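To get the numbering used here, take the position in the sequence shown, counting from 1, and add 16.
Ideal Cβ positions, reconstructed from N, Cα and C, are used throughout, including at glycine.
Since this is a predicted model, take the numbers as computed values, not measurements.
To keep things clear, I will list the structure first and then write my remarks on it.
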Amino acid sequence: MVDARELTKKICLLGDPSVGKTSLIRRFVLDEFDDKYLSTIGTKVSKKLLSVDVPEKDMKVKLTLMIWDVAGQQEYRMFHKMYLKGVEGAFSVGDITRRSTIETMRNNVQLIQTEAGSVPIVFLLNKADLAAKTKIDPQEEVAAAQKMHITALPTSALTGQNVEEAFRTLGTQMVWRWIETAL
């Protein structure tokens, strides 16, 4: 007998402007890409159902993700604390062609942990399709993330590279955290 559960979890994507947060969400939720850049004002919430199997617990979880796309512009950063209330997982997103966005991605960890506690965090090294223009060594960033017990994945909203995997990784980490604390 498989134990079936339904959970709803709030997640946020944080990062500098134009790192691809909205495009990653669009790729995951709608499996589409639009190269027109529209700056997010404040926040936008999307929803997607993800099925997570936990064979070790003979459990299937229907996980509804409430995905908060948080504006990255400096003038909106004062609201980040408010948007992080109730978050149970987060993506910190950087653009591999702009080193400063990777530094912001790392710095977001402290903000997330201060406001939300020890929730699962995944680094998204976005725009992997532009690897020829990279300003960082992705393997170094993955190793640095591992030292912080954070998963890091190269992603591309354009090609879809690791987008589904990123959301599945964060979803699975949140389900395991729920299992460890609630059951």
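Of all C-beta pairs linking the stretch 67-74 to the stretch 104-115, fewer than three are shorter than 8 Å, placing the two stretches out of contact.
With a 10 Å radius around the Cβ and a threshold of 16 neighbouring Cβ atoms, K37 comes out buried.
Your pair L79 and L100 does not check out as a contact, with CB atoms roughly 19 Å apart and the cut at 8 Å.
Listed in chain order, the non-local C-beta contacts of I27 below 8 Å within the same chain comprise L81, M82, I83, W84, V103, E104, G105, A106, F107, L186, M190, local neighbours out to five positions each way being set aside. L174 carries a coil assignment under DSSP once its states are collapsed to helix, strand and coil. A direct Cα-to-Cα measurement between V18 and I128 gives close to 34 Å. Ranked by Cα distance from S34, the first of R21, F44, M121, D47 is M121. Between R115 and K151, the gap from beta carbon to beta carbon is short of 7 Å. Taking a 10 Å sphere around the C-beta of L140, we find 16 or more other C-beta atoms and assign the residue as buried. Inter-residue distance for T175 and A182 is about 14 Å (C-alpha atoms, whole angstroms).
Excluding five sequence positions before and after R184, the CB atoms of its chain that fall closer than 8 Å to its own CB belong to L66, V68, given in chain order.
Secondary structure at F107: strand, using DSSP grouped into helix, strand and coil. Bounds of the alpha helix (DSSP H) holding A160 are 154-163.
Assignment of beta-bridge partners to I137 by DSSP yields A106.
Of the other Cβ atoms in all chains shown, 16 or more fall within 10 Å of the Cβ of G31; this residue is therefore buried.
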